[in-house]
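Protein chains in written order, with our numbering: chain A, 196 to 486; chain B, 196 to 486. The C-beta atom is built at its ideal place from N, Cα and C for all residues, glycine as well. No experiment lies behind these values; they were computed from the predicted model shown. For reference, the structure is listed below as structure tokens.
Protein chains: 2
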Amino acid sequence: MPFETKATIATFGGKLLKLTHESTSTNTPMSVYVYLPAKAAHGSPADKSKVPVLIFLSGLTCTPDNCAEKGYFTAAASRAGLAVVYPDTSPRGANIEGEDAGWDFGTGAGFYVDAAREPWSRNYRMETYVTQELPKALAESEFGGALDFDRVGITGHSMGGHGALTLFMRHPGLYRSVSALSPICNPCNCPWGEKAFSGYLGDDREEWKKHDATELIKGWKGDFHTLIDVGTGDNFYKQGQLLPENLEKAAKEAGIKGLEIRYQPDYDHSYFFISTFAEDHVKHAAKYLLS
Amino acid sequence: MPFETKATIATFGGKLLKLTHESTSTNTPMSVYVYLPAKAAHGSPADKSKVPVLIFLSGLTCTPDNCAEKGYFTAAASRAGLAVVYPDTSPRGANIEGEDAGWDFGTGAGFYVDAAREPWSRNYRMETYVTQELPKALAESEFGGALDFDRVGITGHSMGGHGALTLFMRHPGLYRSVSALSPICNPCNCPWGEKAFSGYLGDDREEWKKHDATELIKGWKGDFHTLIDVGTGDNFYKQGQLLPENLEKAAKEAGIKGLEIRYQPDYDHSYFFISTFAEDHVKHAAKYLLS
């Protein structure tokens, strides 16, 4: 469906577009922001060359506003010549009972899976939305000519880091790069993941494993060139919600190379942490998207 | 009075301190944030050298949160080795009738003047607070050893840009650098300034002129090396609240050199604009603070 442009904002030499559209995946309106770097935002059509796309998946409770305002990906993306796409974290206003009962399930907490259980399965289909509908809709939009959907990378924070890692592995070839900031690495074994997966996917834990980075990497073939940053002052890390050690161990046991996990001293879970390392994640993506 | 540390947050290699203290200028608690770059935040006392200080004065309605979260002065300040101090924009909780009646007067709108009129004059003394009490209190604090208050620059946005320009000219020698983003340049002749100055200073327009950058520059001696950025898509600029042309004209007529006003195409009044040019303003300050 066509996009409605709610705002066009000049920033870091490019333009941030605040968009909404009616999603056929979630059967709700969806909000999405797109940052076009200078070379995609300005100049005559003849001057324009398509830019690669970095998708940033946000964490629990976030909207596209959080990372667009506080993530600082735009500064580095502008320099590198990448577009950044900020999808929302769930459908909103699906009018499902209990949707707004907690901050870690339902609204703002779609976990980037397609729900298999009623009443969530009609709307909570974020995997299909992010991997299929949204890129297709953007490519066909009026500014789609600026975006090269043959060169797409994915990254994200917390729940969005889980989304980036799992969507990369569940859709081989769809993304050329992957990285994550304080990702939920083993949702089958942490309270956030257990609540979300039982709610969206049901009781069969074998189904859960298909959406768990630590489980998925056991079956991964080849290298897994991924940059992951985790703050050692992150309370969710300390509480065992993120479990990057489990991912690291599983990769090691499977003999998979390329996984780089950096433990950043004192950093917390906030956008003060994300913004600090945003440039590194843009550079990581650029290495694969611009080569 | 001593500071209470509400939070210490790792960001861009340094630390953001969220502080409060009891102000003897405003007779209220005041919130202030201090960013210490790596060389001031870490290392043994023997390794530490004092870093210069850049004061960022925020605009109408803002708290220290806005610029600390969305301004990205920290990224460039960390690289340059400057501390950043973010004072609040007014006293809060002074319990004056009408204090919260509008967003452009009273709470969040102190205009960096010492109010001369009752009931404001007991608390709304932001000029004394910013120029005298706050630097003295910080210098005497437990982290004051890291801050060099002999090398201080000042900058700000909108009402805070007005503050930066006027405090620099009203206190010759106190600051080594000055710059501003979308500043209110001629408050005597714009609705925001007329409301604030009549409320805080009274009806005598000669008193107002002492706090108006366009008036002050007429009496300035020597060069005025100032970087000013204004977005051409800024609605407040279009509405005549900022009036940078008046400042430019006054400087020109007075034969004052060094004023650089850049009109940035399409940029608005928001932190998407501020963050884009934050690095330029840090570099401008560093030129004077680190030489």
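Those residues of the region 428 to 446 of chain A placed with their C-beta closer than 7 Å to a C-beta in chain B are Gly428, ordered along the chain. Secondary structure of Phe431(A) (DSSP, three-state): helix. Taking CB atoms only, Ala359(B) has no neighbour in chain A less than 8 Å away.
Put simply, the backbone Cα of Tyr230(B) is about 28 Å away from that of Leu437(A). By a beta-carbon distance limit of 8 Å, Gly305(A) does not contact Cys385(A). Their separation comes to about 17 Å. Between the C-alpha atoms of Ile349(A) and Tyr483(A) there is a straight-line separation of about 11 Å. Restricting attention to Arg346(B), Ala445(B), Lys413(B), the CA atom closest to the CA of Leu249(B) is found in Arg346(B). The region 333 to 342 of chain A makes no contact with the region 415 to 423 of chain A: fewer than 3 CB pairs, one atom from each, lie closer than 8 Å.
In this structure, Ala341(A) keeps its C-beta atom at 8 Å or more from the C-beta atom of Gly351(A).
For Arg274(B), the enclosing alpha helix (DSSP H) starts and ends at 268 to 275. Contact with chain A is absent for Lys234(B), since none of that chain's Cβ atoms lies less than 8 Å from the residue's Cβ.
When the beta-carbon positions are compared, Phe392(B) and Cys380(B) stay at least 8 Å from each other. Burial check for Pro460(B): the Cβ neighbour count within 10 Å stays below 16, so the residue is exposed. In the structure shown, the three-state DSSP call for Pro439(A) is helix. Chain B places a beta carbon closer than 8 Å to that of Thr471(A), counting this residue as a contact.
DSSP lists Lys210(A) as the beta-bridge partner residues of Ala205(A).
Distances from the CA of Tyr462(A) to each of Thr409(A), Val425(A), Gly303(A), Lys478(A) were compared; the closest alpha carbon is that of Val425(A). Burial check for Glu401(A): the Cβ neighbour count within 10 Å stays below 16, so the residue is exposed.
For Ile204(B), the C-beta contacts it makes with chain A under 8 Å involve Asp463, Ser465, Phe467, in order along the chain. Gly414(A) sits in a helix when the DSSP states are folded into three classes.
By the beta-carbon neighbour count (other beta carbons within 10 angstroms, threshold 16), Ala270(B) is buried.
Annotation for Pro282(A): the continuous beta strand (DSSP E) segment containing it runs 278 to 282. The C-alpha of Arg457(B) lies about 27 Å from the C-alpha of Gly303(B). Spatial neighbours of Ser470(A) in its own chain (CB-CB distance under 8 Å, excluding positions within 5 residues in sequence) are listed in chain order as Lys265, Gly266, Tyr267. With contacts defined by Cβ atoms closer than 8 Å, Phe198(A) and Leu214(A) form a contacting pair.
Beta-bridge analysis with DSSP links Ala233(A) to no other residue. Legend: CB atoms of the region 210 to 227 of chain B lying less than 9 Å from CB atoms of chain A belong to residues Lys210, Leu211.
Distance from the CA of Ser465(A) to the CA of Leu442(B), rounded to the nearest whole angstrom, comes to 40 Å. Straight through space, the alpha carbons of Ser285(A) and Thr219(B) are spaced by roughly 48 Å.
Chain B has a Cβ within less than 8 Å of the Cβ of Phe207(A). In this structure, the alpha-carbon of Arg320(B) lies about 53 Å from that of Tyr319(A). For Ile469(A), no beta strand (DSSP E) encloses it; the enclosing alpha helix (DSSP H) starts and ends at 466 to 484.
Put simply, the CB of Tyr267(B) is near chain A, with a gap under 8 Å to one of its CB atoms.
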